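So the sequence shown is residues 81 to 245, counted in our numbering. For each residue, glycine too, the CB sits at the ideal point set by N, CA and C. Small disclaimer: the values here were computed from a predicted structure and weren't measured. Read through the structure below, which is laid out as structure tokens, and then see the notes.
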Amino acid sequence: MREPPADYLEFAAARSGPLFRTACLLTGDWHLAEDLVQETLAKMYRSWWRINHAGSPVAYANTVLVRTYISQRRRRSSTERPSERLPDTAGPAPDTELRMTLLDGLARLTAKDRAVLVLRYWEDRSVEETSQVLRLSPGAVRIRSMRALHRLRAVLGADLADLAA
């Protein structure tokens with residue numbers, strides 16, 4: 081088996097952390113996030129020459145990650161389910177209770193709603209970037225964002241009002 085190109089190894093080392101963070105937010109599970117990042121990097125390795133010469137491997141990696149997540153969620157054969165308990169974190173967050181409530185609310189949304197909210201609001205991406213990753217028009221991203229936020233508020237209900245006070 082041949083050795084991976086040096087530029088691919090450099091890219092994988094530099095982007096693994098940000099990809100893992102996004103994957104954790106999407107899946108809500110540390111181990112599923114690791115699997116998702118691994119599958120994303122494997123897909124990129126297979127086409128690395130073409131991706132690297134296209135000039136935007138970071139955008140391509142984010143697109144592959146989100147599309148792989150949505151594809152996995154669509155499969156009926158998937159037997160893995162989000163758990164009630166989230167993995168331990170390295171250090172305390174200043175607003176742990178709010179963060180846990182939001183992660184729980186995100187876990188109750190559909191895969192596409194969750195992807196839109198994570199990309200738009202947690203990752204702080206523009207409508208245009210989100211539309212490219214999800215292959216939606218910018219108008220569809222705005223509408224889906226609005227509806228997903230409405231669903232998230234409905235899911236959280238009184239929990240959100242208690243935490244916001």
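Pick from the options that is closest to residue i, judged by C-alpha positions
i, options, result
"L105", "E119, G185, S225 and R215", "G185"
"R205", "K192, A191, L178 and V221", "V221"
"V144", "V207, F100, H230 and A234", "F100"
"E203", "A103, E164 and A92", "A103"
"F91", "N132, D115, R126 and E119", "N132"
"E164", "V198, R188 and S217", "R188"
"R95", "R154, N142 and T148", "N142"
"R154", "T190, R126 and A134", "T190"
"W110", "L183, R231 and G219", "L183"
"L232", "T210, E208, V198 and R215", "V198"
"T210", "H230, L178, Y125 and Y140", "Y140"
Per-residue DSSP class, three states only, for residue i
i, result
"L232", "helix"
"S225", "helix"
"G97", "helix"
"T107", "helix"
"R130", "helix"
"P218", "helix"
"T210", "helix"
"T190", "coil"
"E90", "helix"
Cβ-based burial, residue i [other Cβ within 10 Å; buried from 16]
i, result
"L121", "buried"
"G108", "buried"
"V138", "exposed"
"D87", "exposed"
"L89", "exposed"
"S136", "exposed"
N- and C-terminal bounds of the alpha helix (DSSP H) containing residue i
i, result
"Y246", "No information on residue 246 is available, as it lies outside the stretch 81 to 245 that the chain covers here."
"L199", "Premise fails: L199 is in no alpha helix (DSSP H) and is neither H nor E."
"D115", "W110 to R126"
"L183", "T176 to A187"
CB contact flag (residue i, residue j, <8 Å)
i, j, result
"V117", "V213", "no"
"L236", "T181", "yes"
"K123", "I150", "no"
"R200", "S217", "no"
"V196", "A228", "yes"
"P98", "W128", "no"
"E119", "T148", "yes"
Proximity test, Cβ basis, 8 Å: residue i and chain D
i, result
"L182", "The chain labelled as chain D is not found in the depicted structure, where only one protein chain is given."
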